[in-house]
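Chemist:
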Amino acid sequence: MSDQTNEEQTEDRIEIVSFTIGEQAFCLNIGHVLEIRGWTSTTTLPHAPDYVVGMMNLRGAVLPVMDLSMRLGLGKTVPESRSVIIIAHIDKKSVGFLVDAVSNILTVNQADMQPTPEVSSARTAAFIRGVYTMDDTIVRAIDVHQIMPQDNLVAA
Amino acid sequence: MSDLRDMFFEECDDLMEVLSTGLDDLQNGNGDAETINAMFRSVHSIKGGGGAFGLDRLINFAHAFENVLEDLRSEKIEADPGLIALMFSSFDHLSDLVDAARDDNDIAEDAGASILADLKQVSPPEDGGAEEAEVDSADFMPLTLDIGGDNDFGPLPDFDLPPSLDLDTDPAPLDDLPGSDGVSAFAIEFSADPGLYTRGHDPALLFRALADLGDVTVTADTSNVLTLAEAGDALAALNWTLQLIPNDGVQEDDIREVFEFVESQCVLEVSTTVVEKAADIDLPELPTLTDEVPAPDEADTAADVTAPTTPEPAAKPAIKVVEAKPVAGKKSEPRNSTIRVDLDRVDRLINLVGELVISEAMLRQSMNELPVSANSSVSEAIGQLKTLSGVLQESVMAIRAQPVRGLFQRMSRIVRESSRTAGKEARLLMIGDSTEVDKTVTERLVEPLTHMIRNSVDHGLETAEDRIKAGKPAQGTIKLEAAHRSGRVVISLSDDGAGINREKVRKIAESKGLVRPEDDLTDSDIDNLLFRPGFSTADSISELSGRGVGLDVVRSEIQALGGRINLQSEPGKGTLMTISLPLTLAVMEGMLVTIEGESLVVPTVALRETLQPGQANVHEFCEGDRGLSMGGEILPIVDLGEALGFRRQLSDLDNQALLLIEGESGRRSALAVDNIIEQREVVIKGLEQNYQSIPGIAAATILGNGKIALIVDTDQMIPAAGKSQLSLLKGQEHAEVA
Numbered sequence: 001m002s003d004q005t006n007e008e009q010t011e012d013r014i015e016i017v018s019f020t021i022g023e024q025a026f027c028l029n030i031g032h033v034l035e036i037r038g039w040t041s042t043t044t045l046p047h048a049p050d051y052v053v054g055m056m057n058l059r060g061a062v063l064p065v066m067d068l069s070m071r072l073g074l075g076k077t078v079p080e081s082r083s084v085i086i087i088a089h090i091d092k093k094s095v096g097f098l099v100d101a102v103s104n105i106l107t108v109n110q111a112d113m114q115p116t117p118e119v120s121s122a123r124t125a126a127f128i129r130g131v132y133t134m135d136d137t138i139v140r141a142i143d144v145h146q147i148m149p150q151d152n153l154v155a156a
Numbered sequence: 157m158s159d160l161r162d163m164f165f166e167e168c169d170d171l172m173e174v175l176s177t178g179l180d181d182l183q184n185g186n187g188d189a190e191t192i193n194a195m196f197r198s199v200h201s202i203k204g205g206g207g208a209f210g211l212d213r214l215i216n217f218a219h220a221f222e223n224v225l226e227d228l229r230s231e232k233i234e235a236d237p238g239l240i241a242l243m244f245s246s247f248d249h250l251s252d253l254v255d256a257a258r259d260d261n262d263i264a265e266d267a268g269a270s271i272l273a274d275l276k277q278v279s280p281p282e283d284g285g286a287e288e289a290e291v292d293s294a295d296f297m298p299l300t301l302d303i304g305g306d307n308d309f310g311p312l313p314d315f316d317l318p319p320s321l322d323l324d325t326d327p328a329p330l331d332d333l334p335g336s337d338g339v340s341a342f343a344i345e346f347s348a349d350p351g352l353y354t355r356g357h358d359p360a361l362l363f364r365a366l367a368d369l370g371d372v373t374v375t376a377d378t379s380n381v382l383t384l385a386e387a388g389d390a391l392a393a394l395n396w397t398l399q400l401i402p403n404d405g406v407q408e409d410d411i412r413e414v415f416e417f418v419e420s421q422c423v424l425e426v427s428t429t430v431v432e433k434a435a436d437i438d439l440p441e442l443p444t445l446t447d448e449v450p451a452p453d454e455a456d457t458a459a460d461v462t463a464p465t466t467p468e469p470a471a472k473p474a475i476k477v478v479e480a481k482p483v484a485g486k487k488s489e490p491r492n493s494t495i496r497v498d499l500d501r502v503d504r505l506i507n508l509v510g511e512l513v514i515s516e517a518m519l520r521q522s523m524n525e526l527p528v529s530a531n532s533s534v535s536e537a538i539g540q541l542k543t544l545s546g547v548l549q550e551s552v553m554a555i556r557a558q559p560v561r562g563l564f565q566r567m568s569r570i571v572r573e574s575s576r577t578a579g580k581e582a583r584l585l586m587i588g589d590s591t592e593v594d595k596t597v598t599e600r601l602v603e604p605l606t607h608m609i610r611n612s613v614d615h616g617l618e619t620a621e622d623r624i625k626a627g628k629p630a631q632g633t634i635k636l637e638a639a640h641r642s643g644r645v646v647i648s649l650s651d652d653g654a655g656i657n658r659e660k661v662r663k664i665a666e667s668k669g670l671v672r673p674e675d676d677l678t679d680s681d682i683d684n685l686l687f688r689p690g691f692s693t694a695d696s697i698s699e700l701s702g703r704g705v706g707l708d709v710v711r712s713e714i715q716a717l718g719g720r721i722n723l724q725s726e727p728g729k730g731t732l733m734t735i736s737l738p739l740t741l742a743v744m745e746g747m748l749v750t751i752e753g754e755s756l757v758v759p760t761v762a763l764r765e766t767l768q769p770g771q772a773n774v775h776e777f778c779e780g781d782r783g784l785s786m787g788g789e790i791l792p793i794v795d796l797g798e799a800l801g802f803r804r805q806l807s808d809l810d811n812q813a814l815l816l817i818e819g820e821s822g823r824r825s826a827l828a829v830d831n832i833i834e835q836r837e838v839v840i841k842g843l844e845q846n847y848q849s850i851p852g853i854a855a856a857t858i859l860g861n862g863k864i865a866l867i868v869d870t871d872q873m874i875p876a877a878g879k880s881q882l883s884l885l886k887g888q889e890h891a892e893v894a
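Chains as they are written, first to last, in our numbering: chain A, 1 to 156; chain B, 157 to 894.
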C-alpha cells in the first residue's frame, strides 16, 4: 500500500468514505474500502484484544471484524441490525470495521486536512491523521495503518 | 523471445536437478555410466541453451564442465573424491551462473575462476580427447563431404554460439552441427504396438510434436495393412519412416523425448543421416502434417488409411548410429510426463474447489432441514456429489504436491558452503527426498532450513580435530529426513555434533535476562531458550549464523506454515530438530464440537477417543485441576472453553463430553467440551492472512451454514511434562516450542 505516495502524487482531490461512530464523524480514503456490508454475526476469537469482535466469513475469506468505537476508546458497540461493516484492505490484509452508519462519499481537497488538535490524547494522536472540516462538522481521518491490530498485542 | 528465455531457465532448473541427483549418486557410489551420461546431457543442454541467449560466461563454464564429464564418460579420468568435490563446486557455480543470467545480474568477474581453472586442468580443452570421444560423430564428417558433392556452401542454419567457442575445441556432439554443405538429419523408424492405440496415444500427435523440432518428412509403410475384415482384434499394422531435419540444438534425446511416453509400446529406431542442404529439391512439397498423417482413432481404423506417397528420403542414412545406451534414466525413476502450469491458476482452482465443498456442505445441511419425504430421492444424488467433490478436492490438492528433492538438494549446497566457510568437514545425508509436500511449504522451508543447517554446521558440529579426539569420524554427518507421519509431514534435521551446551545456553540466557539464575529449568526448557528472540551462542559473530536472527525466526516461519518445531539434544551425540507440517494447507478431517454456543473443530489426527466423564474416573486436584484415569494412567483434563477464555472454570464436568487427544510428542490429555456434533472434512482457512496467529487455535474453517468455526491446535492443549498448568492459560512462554 503506497497510499502515502499516491496521496502526494495524485492531484489534491481525493475521495473519502465518511461514517459515524456515536456522535462523531470519521473517514477513510476510499482506496482502502472494498465494500460495505450489513452486520453479520461473527465468531468470537479467544485471547483477542477487546476491540476485535470476531471473525466473519466474506464469501469464503475469513477476516477479523474490529469494533472501531472500542479501538478509538469510544466504548463498546452493541451490534444491531442497522450496524455496518466496512470491509477495508490495509497493508495486504482485509479487515472489517464495525461502525454505526456510513454517511457519505465525499471529495475533499487533500490540502484541506488540518492537523489533529493539540489537545489530543495519545490514542487520538495515534489513530487520527487529521481532520477535514465540512460545513459545521469535522470529519476525522483515520490512520489505517495504526488502527490495525499490531502483531505484538497477541504474542504467540 | 522472453517466453523462450523463461522456458530455458525453467528447463535449467530441471537440468540442474538431474545434475545434482547425478552428483549425489556418484558421491554415494551409486553412479554408473548412465548417471554420467545424464549429467553430461544436462550440462550440454544448459550450454546449448546458453548459446541461444548469448550467455558467454555460462557457456564457457559449462563447456569446461562438460569436458570433464566427457572425459569421465569415456573413462579417461576417474570419479575420485577430489573430482567429485570439484564437480560439486562446479555445480554450485553453474547454478550461480544460471541464476545470474536469469535475473540479469552480474556476478564478480573472478567468481568461479579457480573452479574453471581446476576444470581445465582436469580436462584441458586443447586435449583431443574430447574429440575422440565423439568418434561416431567424427566418423561421418568425411561422408558429409562425399554426399554434398557440389561445393555449394548454402546458407547455414543460424548457429548462435559465440565465436569464442568456435576457437575452442568444442566437444559438443557434432551431430547437432550442420555439416559443411549437407545437413545432418535424423532417420526415425517407428512402428506402434497395438497397446499404443489402446492407451489412447496417437502417432499423428507424436509426429506433430516432432515437427516442432525441425522439418519432418513422414512416410507410412502400409504394406502390412489388412482389410477391415481381416484386421480383427486391434492389430497395429502401420509403420512409419520419418526424416527430421532438426532445428538448431535439437538432439537425438529431444527426439526420443517425444516418444518417451510410448516407449514401451513401440519400436523406435533413431539414427543420424545426412541430406543435402537443399533437400527440398528432392522432396516434393509436402502437404501439412495434419492432412498427411491420418490419425488412427482406434487401432482398427488403420484399415482406411490412405498412405501418403512421399518418396523415400533423398539420402539413405549414411551411418547408422543407433544409440547403444538405453534412453535416459532407465535405472533411475522413470520420468513422469509433466506440464508447466502457472501456480496462480492452480491456486484459483483450489480456492474454487474449496468453495464448492463448502457449497456442497451447505446444500446438504439445508436438505437435512427439509422433511424426510422430500429428500429421499435427492439424498442419493447429494451423496454422490459429496463423494465427487471430495475426490475432486483431493486431486486438486495433489497438483500442488511436490517432492522435497529440490529443497533437499539446495540444502546439500548449503552444507558444502557453510562447512567450507566454517572450516569443518560435513556431509549431508538425505533420506526420503521423494516425500511430497505442498509447493508453498517447500518454498517457504528454504529459509528456515538454510538457517537450521548453518546452525548445525556452525554450532553443532565440532572441528575435525575435536571430533577425532571425541572418537568420531573427522567428517560430520548432517542428516535431513522427510517422511509422512499420521497426516503430517515430518522433516527432521540431525547432526552428530557436540549437542547443545546447556550450561553455556543457560549462562547466556541469564546474562541476557531471559531467565533468572534461581529458575529451575529442565533440559528441554534450556534447549527451548534457543528459540527466544535475539539469542546467539556463538562466541564470535561468525559469517554463517549469529547475525542476530536466531532460531526464533525459524520458529515463526514454521509456525506461519501451520507447523511446529521440536528440538532434542544429547551432549556429545548431537542434536535433532524436527519440523512437523500439515500435509496440505487446505483440508483436514475434524470433529465438530460446541462450547458455550461457539463451534470449534478438533483435528481428527490428534483424536484418539471420545468418552463421557463419570464420577469414578475423574479426579480433582488443587485449583480445580482435574485428571482422568485411563488404563492405570492419569491424564490431565483440559476444559477447552476455559483454555480459550470462553468461560470460567466449570464446577463439574457432568454435562461435558471428553475428547482424548494425543500430541506430537505422544503425550495425551482429555479435552472437555459441551457437545460433540459430528466428524467432517473442513477447509482450512488461515488466520494469519488477514489477522494473526492465535494461541491455541491452528486455523479457521467455514461451516455449512456459512459460520466460521475455529480449529483447535491440539498440541497446545496438552500440558507439557512437568508443568502443573497449561502454559497457555498463564500466558507464559509455551513449554513446547510451537
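Note that the Cβ used here is the ideal one computed from N, Cα and C, for glycine as well.
1) Output needed for ILE587/B: all residues of its chain with C-beta closer than 6 Å, excluding positions within five of it in sequence on either side, in chain order.
2) Take the Cβ of VAL139/A as the centre, count every other Cβ of all protein chains shown within 10 Å, and call the residue buried at 16 or more, exposed below.
3) If the criterion is Cβ atoms closer than 9 Å, does the pair LEU814/B and THR766/B meet it?
4) Across the region 859–866 of chain B and the region 506–526 of chain B, are there enough close Cβ pairs to call them in contact, namely three or more that are closer than 8 Å?
5) To which residues of the same chain is SER176/B closer than 6 Å at the C-beta, ignoring the five residues directly before and after it?
6) With PRO237/B as the anchor, note down where its alpha helix (DSSP H) starts and where it stops.
7) Run through DSSP, which three-state label would ASP12/A get?
8) Determine the closest residue to PRO402/B out of PHE342/B, ALA654/B, VAL839/B, with distance taken between C-alpha atoms.
9) Taking the Cβ atom as the reference point for each residue, do LEU228/B and ALA235/B lie within a distance shorter than 9 Å?
10) When you compare only the Cα positions, how much space is there between GLU798/B and MET747/B?
11) Looking only at DSSP bridge pairs, what is GLU592/B linked to?
12) Terminal residues of the continuous alpha helix (DSSP H) containing MET523/B?
13) So, with DSSP's three-state summary, where would you put PHE164/B?
14) Between the C-alpha atoms of ILE271/B and HIS249/B, what's the straight-line distance to the nearest angstrom?
15) Does any residue of chain B bring its CB to less than 9 Å from the CB of GLN4/A?
16) Only counting the same chain, and skipping five residues up and downstream in sequence, which positions put a Cβ closer than 6 Å to that of SER130/B?
17) Between which two residues does the beta strand (DSSP E) containing ASN57/A stretch?
18) Residues of chain B with CB under 8 Å from HIS47/A, in chain order?
19) Taking Cβ-Cβ distances shorter than 7 Å, what residues in chain A pair up with ALA856/B?
20) Should the region 112–126 of chain A be regarded as contacting the region 28–37 of chain A, the criterion being three or more beta carbon pairs within less than 8 Å?
21) Following the continuous beta strand (DSSP E) through HIS775/B, name the residue where it begins and the one where it ends.
22) Closer than 8 Å, Cβ to Cβ, to anything on chain B: give me those residues from the region 90–123 of chain A, in chain order.
23) Is the separation between the beta-carbon of VAL838/B and that of GLU754/B shorter than 9 Å?
24) What is the DSSP secondary structure of MET195/B, counted as helix, strand or coil?
25) Give me the Cα-Cα distance between ILE853/B and VAL749/B, rounded to the nearest whole angstrom.
26) Which residues in the same chain as HIS89/A place their Cβ atom closer than 7 Å to its Cβ, once the five residues preceding and following it in sequence are excluded?
27) Output needed in chain order: residues of the region 65–77 of chain A with a Cβ under 7 Å from some Cβ in chain B.
28) Just the Cα atoms here: how many angstroms apart are ASN193/B and ARG641/B?
29) If ALA654/B and GLY616/B are in contact, beta carbons under 8 Å, what's the gap, nearest whole angstrom?
30) Strictly under 9 Å for the Cβ-Cβ distance: is LEU806/B near chain A by that measure?
31) Counting only beta-carbon atoms, is ASN507/B nearer than 9 Å to chain A?
32) I want to check one thing, is the minimum distance from the CB of ARG364/B to the heavy atoms of the ligand COA below 8 Å?
33) Could you check the C-alpha separation between THR870/B and GLN558/B for me, to the nearest Å?
34) Compare the C-beta of ALA865/B with all C-beta atoms of chain A and state if any pair is closer than 9 Å.
35) Which of the three DSSP states is assigned to PHE26/A in this structure?
36) Taking the DSSP output, what are the residues bridged to GLU818/B?
Modeler: In brief:
1) GLU637
2) buried
3) In contact: LEU814/B and THR766/B (Cβ atoms closer than 9 Å).
4) yes
5) GLN565
6) 237–258
7) Secondary structure at ASP12/A: coil, using DSSP grouped into helix, strand and coil.
8) Of the listed residues, the one whose Cα sits closest to PRO402/B is PHE342/B.
9) Contact flag set, yes.
10) 19 Å
11) PRO559/B
12) Its alpha helix (DSSP H) spans residues 499–525.
13) helix
14) 8 Å
15) Confidence in GLN4/A is poor, its pLDDT being 48 and thus under 50, which makes the residue's placement unreliable; the coordinate value appears in the next sentence. Judged by the 9 Å Cβ criterion, GLN4/A is not in contact with chain B.
16) Residue 130/B is absent from the structure shown; chain B starts at 157 and stops at 894.
17) Looking at the DSSP string, the run of the beta strand (DSSP E) that includes ASN57/A is 52–58.
18) LEU800, GLY801, ILE850, PRO851, GLY852
19) MET55, VAL62
20) no
21) 774–776
22) LYS93, SER94, VAL95
23) no
24) helix
25) 14 Å
26) HIS32, LEU34
27) none
28) 36 Å
29) 7 Å
30) no
31) yes
32) You won't find the ligand COA in this model; it holds no ligand whatsoever.
33) 27 Å
34) Judged by the 9 Å Cβ criterion, ALA865/B is in contact with chain A.
35) strand
36) ARG824/B
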